[in-house]
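Numbered according to the working numbering, the sequence shown terminates at residue 298, and the numbering increases by one at each position without gaps.
For every residue, glycine included, the Cβ atom is placed at its ideal position computed from N, Cα and C.
Scroll down for the structure; my scribbles are underneath it.
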Amino acid sequence: MNNLFQRASSHWVKYSEYEVKTVADGTRYIKPAPKAKPIVYDPLKDAENLVVDALNVGLLQMGRAEEKIINSAVMDFIHKYGLLGFMTALPTTPHFMLYDAAYLPKNHFIKEEAMAVADYAALFFPFEKPEFKSKKDNARFDVEGDRDMLALAMTFSNQPIAMSMSLQREYAERLDWLLTQFKDWAFTFVSSFLYYEDYDKNDEPTRNLYRQGMAAFGGIAPTYHIALLDKPTIVWDFHSLLLGVQMMFSFMLTDEANPLRACRHCQKAFISTHPNAAFCSPRCKNQYNVYKSRAKKD
């Protein structure tokens, strides 16, 4: 995993503060706070922790943790890494703003196979809508009176217009969509982990169930280019944090040297330093042994 990304780069934006806002029908959204400052960073510099943190939000849901604990974990993740970028992750191309419609592969969030571009973009701007103008082979949105947003738009001017829009302060993502995505990743991880962990204990129908769950995992593959920086560097064109996590998670699932594991005590995901590691920390190992010892006495 480290060798794969040591000469790689990508860029995303997180804000200094986020808030939860609710629309009239009760749907909750997460968006940057009004005075929050944007921070450009490289998610590949902390790829392993990014994936593990995403999985652990989903594992809280699978473990039926309290709603307030799960929602707090979502906010912690977003403050650390930013929103996922559903707007550019779901369509067949991140350049959809140049067309009449956004075309959508099968997904868990939108049933329609195609939507008018304006209607699709409106899903991510439920509170304030940027003024958008599109002509053939050209599109732009207006940023007025906000130097931070103008600087951000200029920084990502070479990216698809939809990506630049999804990094603006007015952009918002539904909380229930975020929860679903984190849970999907966790389900994929658990399916893979248990398939091999309990292979000899499970019958063939159970194994097939895990295989089917893994077969559903996938998405639109990101592109890349090579930049001549201080050394030749692979620059991944994720266009969304969601696709970045998806790709990094895929490589980590197949990494035999440092496999993803689930702690036998706390059930959290962690990166194993050797294939047979069962605990995420010495503390969890000690607590597990104490619990087992007491259970035997009882």
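Taking only runs that begin and end inside the region 1–80, name each unbroken alpha helix (DSSP H) of 4 or more residues, in chain order. Entirely contained in the region 1–80, the alpha helix (DSSP H) runs reaching 4 residues are, in chain order, 2–5, 47–62.
Going straight from the alpha carbon of alanine 269 to that of alanine 73, what length do you get? Computed Cα separation, rounded: 14 angstroms.
Is alanine 114 a contact residue of the ligand SAM, with contact defined as CB to any heavy atom under 8 angstroms? The ligand SAM is not among the ligands present in this structure, which contains no ligands whatsoever.
What number of angstroms, rounded off, separates the C-alpha of histidine 11 from the C-alpha of valine 40? So the two alpha carbons sit approximately 7 angstroms from each other.
Output needed for threonine 155: all residues of its chain with C-beta closer than 8 angstroms, excluding positions within five of it in sequence on either side, in chain order. Taken in chain order, the residues that qualify are Val40.
Just to confirm, are leucine 263 and phenylalanine 249 a CB contact at a threshold of 9 angstroms? The question names leucine, yet the displayed sequence has cysteine at residue 263. No, these two residues do not count as a Cβ contact at 9 angstroms.
DSSP state of proline 205, grouped into three classes? Here DSSP, grouped into helix, strand and coil, assigns proline 205 to helix.
How many whole angstroms separate the CB atoms of tyrosine 29 and leucine 175, which I take to be in contact at a CB cut-off of 8 angstroms? Here tyrosine 29 really is in contact with leucine 175; their C-beta atoms are around 7 angstroms apart, less than 8 angstroms.
Which same chain residues end up closer than 6 angstroms to glutamine 287 when comparing Cβ atoms and leaving out the 5 residues on each side of it in sequence? Exclusion of the five residues before and after glutamine 287 leaves His265 as the residues of its chain whose Cβ lies within less than 6 angstroms of its Cβ.
Would proline 105 and methionine 163 qualify as a contact pair, given that the criterion is a beta-carbon distance under 9 angstroms? Cβ distance not < 9 angstroms, so proline 105 and methionine 163 don't count as in contact.
Is the CB-CB distance between arginine 169 and tyrosine 15 below 9 angstroms? Contact flag set, yes.
Is the Cβ-Cβ distance between proline 38 and glycine 244 less than 9 angstroms? Contact flag unset, no.
In angstroms, rounded to a whole number, what distance separates the CA positions of arginine 283 and glycine 63? CA-to-CA, the gap between arginine 283 and glycine 63 works out to about 21 angstroms.
Can you find the residues in the same chain that come closer than 7 angstroms, C-beta to C-beta, to asparagine 2, ignoring five residues on each side of it along the sequence? No answer about asparagine 2 holds up, because its pLDDT of 49 lies below 50 and its placement is not dependable.
Helix or strand or just coil, what does DSSP make of alanine 278? It is coil, neither helix nor strand.
Along the chain, where does the beta strand (DSSP E) containing leucine 260 start, and where does it finish? Leucine 260 -> beta strand (DSSP E) spans 260–262.
Is it true that the region 172–186 meets the region 77–85, where meeting means three or more beta-carbon pairs spaced less than 8 angstroms apart? With a cut-off of 8 angstroms, the region 77–85 and the region 172–186 count as touching, because enough Cβ pairs lie within range.
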